[in-house]
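*Asks:* Taking our numbering as reference, the numbering of the sequence shown is continuous, increasing by one, and the terminal residue is 209.
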Amino acid sequence: MSRKLDPGKLVIASHNPGKVREIGALLAPHGMDVISAGELGLPEPEETGTTFAENALIKARAGTEGSGLVALADDSGLCVNTLGGAPGVYTADWAEADAYEGGPGRDWYMAMGKVEGKLAELGPDADRSAYFACTLALAWPDGHTEVFEGRANGALTWPPRGKLGFGYDPVFVPAGRNLTFAEVDPAEKHAISHRADAFAKLMKAVF
Ligand code: IMP
């Protein structure tokens, strides 16, 4: 039995304003008033975990320790089955480009190409199945934690298709569909995404 979440202030342990807005809108109907770790000026902890759950817990614990409030964090990534789940927790790292167009930043086309290159090494019959994972962690000031894991199964396509979404969306075709996550309306993606799956589990457990 999960611990219930009482209405009130909740820290979203993220410095990404888009993510904070999206999560805030989902939680508002349950009486949760969200504030981000960024707005509170909390430092971003180093994500040293080797699983999504470890990294989500590191961020959630830092959020509650820095604020004295309950904190919610997420960690997500793309896992390719035949690559042993890579890039997995290193999904964002695979896009790090320090000499990219004159400055550091994230190059998602390069990252998608890296994944495709590894599949190509395995030959034309390589298993192209993959899934997006999203883990949500809640941490309370007394040390209690809850973790919820969501998934969206699918397969990788090449070349990339579509201009919507972000990250690896242009190469990910969800199971039972023909269009990539970057070719469908964001509302359609959000209905079947790994994040939606994890949030549905969280909502059911804590409210
Ligand atoms: P983080 O959870 O913010 O650390 O991000 C992990 C990385 O996984 C992101 O930078 C994205 O590249 C990738 N990722 C997570 N969710 C999605 C998604 O829905 N579409 C495409 N890429 C995603």
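Backbone N, C-alpha and C fix where the C-beta goes; we use that ideal spot for every residue, glycine too.
1) Tell me the DSSP bridge mates of residue 14?
2) At a cut-off of 6 Å, would you count residue 77 as near ligand 1, judging by its Cβ distance to the nearest heavy atom?
3) Let me check you understand the geometry: is the CB of residue 170 closer than 6 Å to at least one non-hydrogen atom of ligand 1?
4) Between the Cα of residue 99 and those of 109, 74 and 27, spot the shortest distance and give me the residue it belongs to.
5) Cβ of residue 93 within 6 Å of any heavy atom in ligand 1?
6) Going residue by residue through the region 140-209, where are the continuous alpha helix (DSSP H) segments of at least 4 residues, counting only ones entirely within it?
7) To the nearest angstrom, how far is the alpha carbon of residue 76 from that of residue 58?
8) Short of 8 Å in beta carbon distance, which residues of its chain neighbour residue 196, apart from the five on each side in sequence? Order them along the chain.
*Replies:* If we stick to the structure as given:
1) Translated into the one-based positions of the sequence shown, residue 14 becomes position 12. According to DSSP, which records beta bridges pairwise, residue 14 is partnered with 38 and 74.
2) Walking along the sequence shown from the start, residue 77 turns up at place 75. Yes.
3) As a position in the sequence shown, residue 170 is number 168, starting the count at 1. Flag set: Cβ of residue 170 near ligand 1.
4) Taking the first residue of the sequence shown as 1, we reach residue 99 at position 97. Nearest C-alpha to residue 99: 109.
5) Taking the sequence shown and counting its residues from 1, one reaches residue 93 at position 91. Yes, since a heavy atom of ligand 1 falls inside the 6 Å radius drawn around the Cβ of residue 93.
6) 188-194 and 196-208
7) Taking the sequence shown and counting its residues from 1, the one referred to as residue 76 is at position 74. Taking the sequence shown and counting its residues from 1, the one referred to as residue 58 is at position 56. Using only the alpha carbons, I get a separation of about 5 Å.
8) In the sequence shown, residue 196 corresponds to position 194, counting from 1. Within the same chain, residue 196 has close Cβ partners 78, 133, 134, 135, 136, 152, 153 and 154.
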